[in-house]
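Asker:
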Amino acid sequence: MTGAKKRSGAALVDVVQSKAPKSSTVAQEKNSQIPTLWKKDHVKTQMFGRSNEKPSKKRAPLVAPRVQQSKTEAQTSQAVEKTKEDQTFAATVKMSKTSLKTSSKNDGELSADIQKLSPHTGIIIHSFIKQYNDSLKNLKKKDLVVSKKMRAIAMDSLKKKSENISLKEKLTNMELELDQLKTDLLEQQEKNAENIQKYTEINKKYTNCEQHYDKELEIIRACVEKKNSELRDAQSRISLQAQELNNMQQTNRELAGACKGYKTDLEEAEKAKSMILQELTGLKEMHEDLQLQFEDVSAQKENCEANILQLSSDLNAKMLACAELEVRIEQLPLEANKALSKLQSDLEASELQFVEQQRLTDQATKELELVRNEINTLKTLIEEKERRHVTLSDELTRMTERLSELADINESYLNELTETKLKHTQEIKQQADTYEIVVQELKESLNKASVDFTQLKSNSEKLHKETLLQVSQLQEKLTEMVSHRSNQEKLVKRLGNELQEKTHSFEEELKRQQEQLANQMQMKATEVESENKRNAVQIQKLKSELEDRNKAFKAQQDKLEFLISDHDKLKNATINLQAEKMEIESELSTAKVKFSEELQFQKDIVGNSLNGKRVKLCTPIKPQNNIDLFDMLKNSK
1 MTGAKKRSGA ALVDVVQSKA PKSSTVAQEK NSQIPTLWKK DHVKTQMFGR SNEKPSKKRA
61 PLVAPRVQQS KTEAQTSQAV EKTKEDQTFA ATVKMSKTSL KTSSKNDGEL SADIQKLSPH
121 TGIIIHSFIK QYNDSLKNLK KKDLVVSKKM RAIAMDSLKK KSENISLKEK LTNMELELDQ
181 LKTDLLEQQE KNAENIQKYT EINKKYTNCE QHYDKELEII RACVEKKNSE LRDAQSRISL
241 QAQELNNMQQ TNRELAGACK GYKTDLEEAE KAKSMILQEL TGLKEMHEDL QLQFEDVSAQ
301 KENCEANILQ LSSDLNAKML ACAELEVRIE QLPLEANKAL SKLQSDLEAS ELQFVEQQRL
361 TDQATKELEL VRNEINTLKT LIEEKERRHV TLSDELTRMT ERLSELADIN ESYLNELTET
421 KLKHTQEIKQ QADTYEIVVQ ELKESLNKAS VDFTQLKSNS EKLHKETLLQ VSQLQEKLTE
481 MVSHRSNQEK LVKRLGNELQ EKTHSFEEEL KRQQEQLANQ MQMKATEVES ENKRNAVQIQ
541 KLKSELEDRN KAFKAQQDKL EFLISDHDKL KNATINLQAE KMEIESELST AKVKFSEELQ
601 FQKDIVGNSL NGKRVKLCTP IKPQNNIDLF DMLKNSK
């Protein structure tokens with residue numbers, strides 16, 4: 001008995017406790033209590049049968065480690081993992097419950113079998129079995145605690161894995177956002193550079209337009225001064241023509257006085273004729289002489305008729321000349337119209353230039369509006385600033401529309417002024433030309449009439465009467481021309497006054513508009529400068545925000561790198577834990593095998609000892625023998 005001593009069950013329990021696994025994934029072996037049926041005939045066969053069958057039935061297969069299951073099933077979903085964990089945990093609980101139930105059943109059977117034995121041996125065996133069952137219960141409890149701890153560690157590792165996966169996804173998203181922000185920043189910088197270049201070009205165009213506008217304004221002023229000088233020249237010519245007309249009126253008065261003298265002479269001639277007719281009655285004797293004289297007078301008459309025919313031919317030639325002059329007068333407005341059309345074409349060209357300049361200014365303003373709109377698109381972070389920029393752009397469009405309206409008004413005023421000036425100059429020129437032609441015609445007609453009058457006076461009284469009639473007609477024409485000239489002078493004065501008033505008002509309006517435009521340009525320049533300053537400040541703010549974001553991103557990147565390093569450390573720790581777990585499982589399996597072998601060996605020893613003691617039980621038991629048996633059982637434990 002002493003030579004067959006082995007390690008006791010308590011020592012095995014201590015070994016198993018020191019090398020117990022730390023996770024709950026390892027399946028517990030259903031080690032039941034030792035069932036024994038104490039029958040007199042076939043005790044040995046039943047004991048060996050039970051000892052051989054029960055361990056094989058209650059030795060459950062090893063379940064795969066929980067960490068390996070989490071490795072394989074981490075890619076599917078966390079919900080499936082949780083359900084599987086719950087199932088495994090429920091299975092372990094069920095197994096523990098079934099083992100407890102079987103142990104309770106076996107306890108009942110053992111207690112029944114032990115009661116059939118003798119009291120001393122039954123107490124000893126019952127105490128041994130009780131200690132053995134308590135050690136098994138302790139092992140199961142410790143295995144449950146270890147499995148719970150391992151399950152908690154596995155859950156923590158799974159949570160950390162899921163957190164690491166989510167952090168990796170966040171890291172990738174943040175990297176993508178950073179790349180997108182970098183590309184957006186580069187695009188924004190390119191757009192800013194393009195906008196700055198466009199703005200510089202627009203400023204250059206705008207300054208060129210302003211310079212060109214000043215030049216055009218100087219040209220217009222020079223044209224206005226030139227037209228004013230021409231108008232002064234025309235007024236001086238009109239004054240000279242008025243002086244000539246006064247001289248003509250004076251000559252007409254002198255001619256009227258001469259005509260009165262001629263009338264008195266004619267009356268005296270008529271008196272002389274009456275006296276001659278009275279004397280003709282007393283001069284019948286001189287009839288033949290008078291007939292001869294009459295023949296001479298008839299010859300003179302024929303000569304006078306020939307002279308009259310010649311004068312009529314001359315008059316027809318003069319009429320033709322007058323017709324030519326009328327044709328020339330009719331051609332003069334055509335030429336004036338041609339000159340007017342040329343001036344209008346020049347004016348249209350200048351208007352086209354002005355329209356082109358206005359178009360360039362409008363284009364520049366439109367481009368400036370586009371640039372401002374692009375700048376406003378950069379300011380989408382704050383809605384109030386967008387509204388303010390929209391209102392500013394609306395005000396700018398209104399100001400540009402007002403500027404275009406003022407430019408149109410200026411153009412209309414310029415067109416009206418040029419048209420009125422051209423009309424007045426043309427009318428003055430036409431009137432001056434007509435007056436000069438009429439004066440020349442009158443001079444020529446008066447000269448010719450005076451010559452004809454002297455000739456007719458010397459030739460015949462009829463021609464004298466015709467000349468008188470022509471003189472009266474000419475006087476009527478002169479009076480009409482004088483009245484017309486006075487009316488024209490009044491009209492010219494009125495038009496000159498109106499022109500002066502219009503030019504004065506136009507100059508005042510032009511000055512006022514120029515001042516308004518200068519003020520508006522200054523205001524716009526100040527607004528543009530303030531806008532540029534605000535844009536620069538906002539760009540600086542955006543840059544600072546970008547720098548802050550970059551810093552925050554760098555900090556997050558550092559945190560992520562730290563987390564990745566922690567994740568790697570955790571991975572290494574989990575790998576080490578898995579390796580340790582595998583080692584513990586292997587050690588546990590070996591310990592279980594050893595424990596089962598030791599248990600089988602102890603069962604065999606107990607069975608042999610019981611078989612050996614049965615023979616002794618037939619004889620009366622002595623106290624010394626009972627003490628020896630108790631010592632033997634202790635030693636076997």
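Take 1 as the starting number for the sequence shown in full-length UniProt numbering and just add one per residue.
For glycine and all other residues, C-beta sits at the position ideal for the given N, C-alpha and C.
It should be emphasised that the depicted structure is a prediction, and the values quoted were computed from it without experimental measurement.
#1: Which term fits Arg485, buried or exposed, when burial requires 16 or more other beta carbons within 10 angstroms of its beta carbon?
#2: Should Asn535 be labelled buried (16 or more other beta-carbon atoms within 10 Å of its own) or exposed?
#3: Tell me the rounded alpha-carbon separation between Ile409 and Ile539.
#4: Specify the secondary structure class of Thr590 as computed by DSSP and reduced to three states.
#5: Taking Cβ positions, are Ile196 and Glu367 nearer each other than 7 Å?
#6: With 16 as the cutoff for other CB atoms within 10 Å, does Lys204 come out buried or exposed?
#7: Quick check on Thr377: does DSSP put it in helix, strand or coil?
#8: Check each candidate in Asp143, Gln500, Thr574 and name the one with the smallest Cα separation from Gln235.
#9: State the Cα-Cα distance for the pair Gln75 and Thr172, rounded to the nearest angstrom.
#10: Look at the alpha carbon of Asn447 and the alpha carbon of Glu441, and state the distance between them as a whole number of angstroms.
#11: For residue 638 and Gln357, which I take to be in contact (beta-carbon distance under 8 Å), what is that distance rounded to the nearest angstrom?
#12: Would Thr526 be called buried (16 or more neighbouring beta carbons within 10 Å of its own) or exposed?
#13: Measure the Cβ-Cβ separation of Leu167 and Leu563 and say whether it is below 7 Å.
#14: For Met523, count neighbouring C-beta atoms within 10 Å of its own C-beta (all shown protein chains included) and say buried if the count is 16 or more, exposed if not.
#15: Report yes if the CB atom of Phe553 is closer than 7 Å to the CB atom of Leu178, and no otherwise.
#16: Can Gly612 be considered in contact with the ligand MG, in the sense that its beta carbon sits closer than 6 Å to one or more heavy atoms?
#17: Within 10 angstroms of its Cβ, does Met248 collect 16 or more other Cβ (buried), or is it exposed?
#18: Please classify Val146 as buried or exposed, where buried requires at least 16 other C-beta atoms within 10 Å of its C-beta.
#19: Quick one: measure Cβ to Cβ for Gln556 and Met399, integer angstroms, because I've assumed they're closer than 8 Å.
#20: Among the candidates Glu395, Thr361, Ile437, whose CA atom is the shortest distance from the CA of Gln211?
#21: If you draw a straight line from the alpha carbon of Glu163 to that of Gln131, how long is it in whole angstroms?
#22: Tell me which residues share the same chain as Glu509 and place their Cβ nearer than 6 Å to its Cβ, disregarding the 5 neighbours each side in the sequence.
#23: What is the rounded straight-line gap between the Cα of Asn497 and the Cα of Thr503?
#24: How long is the line joining the alpha carbons of Ser586 and Lys571, rounded to whole angstroms?
#25: Between Asn192 and Leu392, what straight-line distance do the alpha-carbon atoms span, to the nearest angstrom?
#26: I think Ile220 touches Leu422, with their Cβ atoms under 8 Å apart; what is that distance to the nearest whole Å?
#27: Around the C-beta of Ala407, are 16 or more other C-beta atoms found within 10 angstroms, so that it is buried, or is it exposed?
#28: Excluding the five sequence neighbours on either side, which residues of its own chain have a C-beta within less than 7 Å of the C-beta of Val93, listed in chain order?
#29: Would Thr365 be called buried (16 or more neighbouring beta carbons within 10 Å of its own) or exposed?
#30: How is Leu610 classed by DSSP in three states: helix, strand or coil?
#31: Check the C-beta distance from Ile238 over to Ile437 and give it rounded, since I have them as a contact under 8 Å.
#32: Within a Cβ cutoff of 8 Å, which residues of the same chain sit near Arg232, ignoring the five residues on either side of it in sequence?
Answerer: Put simply:
#1: Flag for Arg485 reads buried.
#2: Flag for Asn535 reads buried.
#3: Spanning the two alpha carbons is a distance of roughly 41 Å.
#4: DSSP places Thr590 in the helix class (H, G or I) of the three-state scheme.
#5: Cβ atoms of Ile196 and Glu367: not closer than 7 Å.
#6: Lys204 counts as exposed, since fewer than 16 other beta carbons sit within 10 angstroms of its beta carbon.
#7: Three-state DSSP puts Thr377 in a helix.
#8: With distances taken between Cα atoms, Gln235 lies closest to Gln500.
#9: Only weak support exists for where Gln75 lies, its pLDDT of 49 falling under 50; the coordinates are left without a value.
#10: Those two C-alpha atoms are separated by around 10 Å.
#11: The structure shown does not extend to residue 638, since the chain is modelled only from 1 to 637, so the question has no answer here.
#12: Taking every protein chain shown into account, the CB of Thr526 has fewer than 16 other CB atoms within 10 angstroms, so this residue is exposed.
#13: For Leu167 and Leu563, yes; Cβs fall inside 7 Å.
#14: So Met523 ends up on the exposed side.
#15: Yes, the Cβ-Cβ distance between Phe553 and Leu178 is below 7 Å.
#16: The ligand content of the structure shown is nil, which means the ligand MG is not present either.
#17: By the Cβ-count criterion, Met248 is buried, with 16 or more other Cβ atoms from all chains shown falling within 10 Å of its own Cβ.
#18: A buried status is given to Val146, since no fewer than 16 other beta-carbon atoms sit within 10 Å of its beta-carbon.
#19: With a contact defined as Cβ atoms closer than 8 Å, Gln556 and Met399 miss out at about 48 Å.
#20: Closest by alpha carbon: Thr361.
#21: Counting only the Cα atoms, Gln131 lies some 47 Å from Glu163.
#22: Listed in chain order, the non-local C-beta contacts of Glu509 below 6 Å within the same chain number zero, local neighbours out to five positions each way being set aside.
#23: The straight-line gap separating the alpha-carbon atoms of Asn497 and Thr503 is approximately 10 Å.
#24: Their Cα atoms are separated by approximately 22 Å.
#25: If you take the alpha carbons of Asn192 and Leu392, they lie about 20 Å apart.
#26: At roughly 15 Å, the Cβ-Cβ gap does not stay under 8 Å, so Ile220 and Leu422 are not in contact.
#27: Flag for Ala407 reads buried.
#28: Here the model assigns Val93 a pLDDT of 46, short of 50, so the residue's position is not dependable and the matter cannot be decided.
#29: By the neighbour-count rule (16 or more Cβ atoms within 10 Å), Thr365 is buried.
#30: Helix, per DSSP.
#31: The pair is not a contact, with the Cβ atoms about 15 Å apart (cut-off 8 Å).
#32: Here the set comprises nothing.
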